[in-house]
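Heads up, the thing below is written out as structure tokens.
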Amino acid sequence: MTFSAVQPLSKNMNRLLSPLALLLSAFYFFYFALIGVYVIFMPKVLLDLGYEAFEVGVIYAAAPFMRFLLPFIFRHFIALTPKVYLGALLVSFLATLIFWGTIEHFYLYLAANLIFGGAMGISLPYVETIALATLSKSHYGKVRLWGSLGFMGIALWLGKVLTSPQEALYYLSAVTFLTFVFGTALIRYDTTSHTSAQEDATFSLAKYWAFWVSVFLMQVGFGGFYNFFTIYETSHGISLEMTSWMWSFGVICEIIMLYFQGPLLQRNLLNILQFATFVTALRWLMLYLFPDSIILTFASQSLHAISFALYHTAAITYVFSLYTQKKLAQQFFLGIAFGLGGSVGAVLSGQMYGEYLFLIESGITFMAFMVLWIHQRRKRNLA
125 MTFSAVQPLS KNMNRLLSPL ALLLSAFYFF YFALIGVYVI FMPKVLLDLG
175 YEAFEVGVIY AAAPFMRFLL PFIFRHFIAL TPKVYLGALL VSFLATLIFW
225 GTIEHFYLYL AANLIFGGAM GISLPYVETI ALATLSKSHY GKVRLWGSLG
275 FMGIALWLGK VLTSPQEALY YLSAVTFLTF VFGTALIRYD TTSHTSAQED
325 ATFSLAKYWA FWVSVFLMQV GFGGFYNFFT IYETSHGISL EMTSWMWSFG
375 VICEIIMLYF QGPLLQRNLL NILQFATFVT ALRWLMLYLF PDSIILTFAS
425 QSLHAISFAL YHTAAITYVF SLYTQKKLAQ QFFLGIAFGL GGSVGAVLSG
475 QMYGEYLFLI ESGITFMAFM VLWIHQRRKR NLA
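For what it's worth, this note's numbering labels the leading residue of the sequence shown as 125, then goes sequentially.
Shown next, in the form of structure tokens:
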């Protein structure tokens, strides 16, 4: 290797080992580890405690619903400042402590999830804005993949050791506290201007309505996967440990995509989003057609590299370029996609859970693909 070839490699390594990159990596690692506990294991914990499938759907609609409401409040009344962000991190941790005393009481636990969802809806958009403002497209993926490692690590570990609801709550509180610690350390790296509530009031969803509808439908289609994939697979005779490996395999594919996706993101982002949405529709169709096939379920999980990793990075990068109100735009993306879309998806999946769940999810995702095509046509006319 020549000296000229070594120089760029050295520069890349220095960027990845910078204090900011290390803190972002740690934040993503623990943030998505807590998402792993919350999404993969807590639904089954609730069923073991006697919850009905519909009640699980309602509980898992609470946090996303709060993420959807928050951007509208911030648009008119509150600016996302470092103090607000710090308060959200603290409330997230306190909410997981409240879970301990409320989990056996549906309405109290639902209220605690509303608090938790509201706080979580603030912290991630704030950090994503820091990352997008300071990292290149290729370096963002290499830092963001640590979130995937956290998600995979907790999935593998708890798949082996989890024996009681109390253990799941312990891990949830622990990783949320570590998210609070590393999230607090990131505040000093916030270089994006803090727009006022008056400036944010000019933010327009209507101008690109088709894009937002597509984002919403895409996440509605994920509702059955996020909330019932573990239950769906174990009900078809696949063990919890094997299901944990399926989750982890999907995340491994996601990590590989995050690491190597940089060159792809230099292409037309809308074309990438259309491709990823269509592939996701095929992914859910595979789960419907072959629910008890370990090999084909692993194959469908490999598509997580496209339906989550590539789609998510392309989407937040696209949103970041569309609007001047950077933090609010990320809040709306999280709110409409993982908030409203996740909330509706959770309720619908609870209602529709059964043989045809993933066939319906496939149809919803194909609708997202068609609406995104409409957005592409409209955007050309607006330009």
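C-beta: ideal position from N, C-alpha, C; glycine also.
Here Ser338 really is in contact with His499; their C-beta atoms are around 6 angstroms apart, less than 8 angstroms. DSSP places Leu238 in the uninterrupted alpha helix (DSSP H) bounded by 230 to 258. Within the region 373 to 437, the alpha helix (DSSP H) runs of at least 4 residues that lie entirely inside it are, in chain order, 393 to 413, 418 to 426. Residue burial annotation: Val305 is exposed, with fewer than 16 other C-beta atoms found within 10 angstroms of its C-beta. Under the three-state reduction of DSSP, Ala212 is assigned to helix. If you look at Gly465, you'll find it isn't in any alpha helix (DSSP H); DSSP assigns it neither H nor E.
Between Phe189 and Gln343 the beta-carbon gap is near 13 angstroms, outside 8 angstroms, which marks them as no contact. Apart from sequence neighbours up to five positions away, the residues of its chain that approach Ser247 with a beta-carbon distance below 8 angstroms are Tyr155, Tyr209, Ala212, Leu213, Ser216, Thr303, Gly307, ordered along the chain. Straight through space, the alpha carbons of Phe327 and Ser417 are spaced by roughly 47 angstroms. Distance from the CA atom of Thr401 to the CA atom of Thr358, rounded to whole angstroms, is 27 angstroms. Assignment of Glu479 by DSSP, reduced to helix, strand and coil, places it in the coil class. Taking a C-beta distance under 9 angstroms as the contact criterion, Gly271 and Arg191 do not qualify as a contact pair.
Going by C-alpha positions, Leu364 is about 7 angstroms away from Thr354.
Collapsing the DSSP output to three states places Glu291 in a helix.
Taking the Cα of Leu173 as reference, the smallest distance to any Cα among Ala292, Leu221, Tyr264, Pro195 is reached at Ala292. In chain order, Phe153, Ile379 place their CB closer than 7 angstroms to the CB of Leu273, counting only its own chain and leaving out the 5 sequence neighbours on each side. A straight line joining the alpha-carbon of Ala453 with that of Val443 spans about 7 angstroms. Judged by DSSP secondary structure, Gly274 falls within the alpha helix (DSSP H) whose first and last residues are 261 to 285. If you check the CB distance, Ala157 and Ile278 come in under 9 angstroms.
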